[in-house]
Structure formats: C-alpha cells, structure tokens
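Undergrad: For reference, the structure I am asking about is given below.
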Amino acid sequence: MDAIIISPVDSKGVQAAIIKADKAGIPVITVDVAAEGVPVVSHVATDNYAGGVEAGKLMGKLLNGKGTVAIISYPALQSVVARVDGFKKGLSDTPDIKIVAEQPSITRAEALTTAQNIMQANANLNGLFGFGDDAALAAVIAAKSAHNDNIKIIGFDGMKEARDAVDSEKTFAAVIRQYPDQMGAKAIDAAVDHLNGKPVEKMIPVQPGVYTGK
C-alpha cells in the first residue's frame, strides 16, 4: 500500500489507525474530518469555519437582526466545531439574535428528538442551524410538528436531498454546500505529489457555497 486517504467518522477514534500507518511508513491524507493529535501528510476539507460564518451572517439577514436561534451540533468532530464556531462568529454582527440552545446529535433520528425538545422549550424559536444535512432535515420535521412555519433553518453539507428540501420546504431557508468531488480530487493530487517527492500543503481548503433554492 502506497498511501491512505481517509475520511474519519471520529477525530479521536481514528488516531490508532493513523499511528499504525505512520509506523509502517504509509502516508495518510485525511478528507473532510480532521484527525486530532496525530501526524498526517495533509488534510483536505471544506473551509468549515468560513461556511459557518456565512451561515451565521445569512441567519442574521433572514431574521432581520433579531430573534432567538438554536444549534444542533456534534463536538466530537473538529469539522463540526469549526462550523459552529464560524456560525457564532457570523451571528456576532447581529447582537440582538440570542442563541437559546445548543445540543448535540449525530443521527437524523437523534436530531429529530433534539429539535423537538428545543422547539418545545422555545415555542417561538426563530432560527435553527443544523451542523449537517441530517440535523437540518430533522429540524424541518420538528418544525412541522411544532406548527412553527416561520422558523428559518440552515443546514450544512448540501447533498441532493437537502437541496431538494430547500426548494420545497418553507422553513428550510438555505444549506451551506460542500463539494466532495473537489475534495476527493485534491486528496488524490496531494497523495500523488507526496509519493513523487513534491511538497504538499498541510491544509488544503475547499471553499463552500450557499444554496438558497432554485
């Protein structure tokens, strides 16, 4: 094996595998989710912080600068931490918008329960940022159950199901869009360059987009 390209599901859980590869002299490149505390040749990912900032600024505009917002996060992933930190930074331009809840969930089923609990505790919630498509799509369902047709939901990832929901669901205002094809191509290029003795950047960012509907 010449090189490993991996997209971890847990920033810490992947440590042992990467250490083993490093000891065997196999270079590792991570994609999308960074590995925490272990050496890799390069990390290729969406600029998650920038995407979060964009989401926060957009939320501020959608709510006309005031209201209450909740966040569904997942702090076990560094990429999600960056998204949430960026979102808060983007919201900081609108100090009259208050974050009233921030709770973690990883699956869509968990996110649905979390979103329902948040909306039950905050009946007039104006906005919700979901760290990924599943969290945002779950929030759309929760909003229907809560009869909250005016909430603005913003997601992150931008797979087809989420983009379709932005087109069809009133409450799903936007999704920050990733480009996995670009990440994959850049990761392969980085692996080939490294194996050929060429210098490779430690961090290779891919700029996100914003999808607000057709």
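Position 24 of the sequence shown, counting from 1, maps to 24 under the UniProt record's numbering, and the rest follow consecutively. The beta carbon of each residue, even a glycine, is placed where N, CA and C say it ideally should be. What you are looking at is a predicted structure, and each value in this text was computed from that prediction instead of being measured.
(1) Unbroken alpha helix (DSSP H) runs of length 4 or more, entirely within the segment 57–135: which are they?
(2) If we ignore side chains and look at the alpha-carbon of each, how far apart do residue 41 and residue 48 end up?
(3) So, for residue 114: in the same chain, excluding its five sequence neighbours on each side, which residues have a beta-carbon less than 7 Å away from its beta-carbon?
(4) As a quick exercise: from 178, 190, 17, pick the residue whose alpha carbon is nearest that of residue 210.
(5) DSSP on residue 203, reduced to helix/strand/coil?
(6) May I ask which residues mark the beginning and end of the alpha helix (DSSP H) holding residue 166?
(7) Do residue 63 and residue 97 have their CB atoms nearer than 7 Å?
(8) With burial defined as no fewer than 16 other Cβ atoms inside 10 Å of the residue's Cβ, what is the status of residue 107: buried or exposed?
(9) If we ignore side chains and look at the alpha-carbon of each, how far apart do residue 156 and residue 24 end up?
(10) Taking a contact to mean a Cβ-Cβ separation below 7 Å, would you say residue 58 touches residue 139 in this structure?
(11) I think residue 101 touches residue 121, with their Cβ atoms under 8 Å apart; what is that distance to the nearest whole Å?
TA: According to the structure data:
(1) 78–91, 108–121
(2) 20 Å
(3) 72, 103, 105
(4) 178
(5) strand
(6) 160–168
(7) yes
(8) exposed
(9) 36 Å
(10) no
(11) 7 Å
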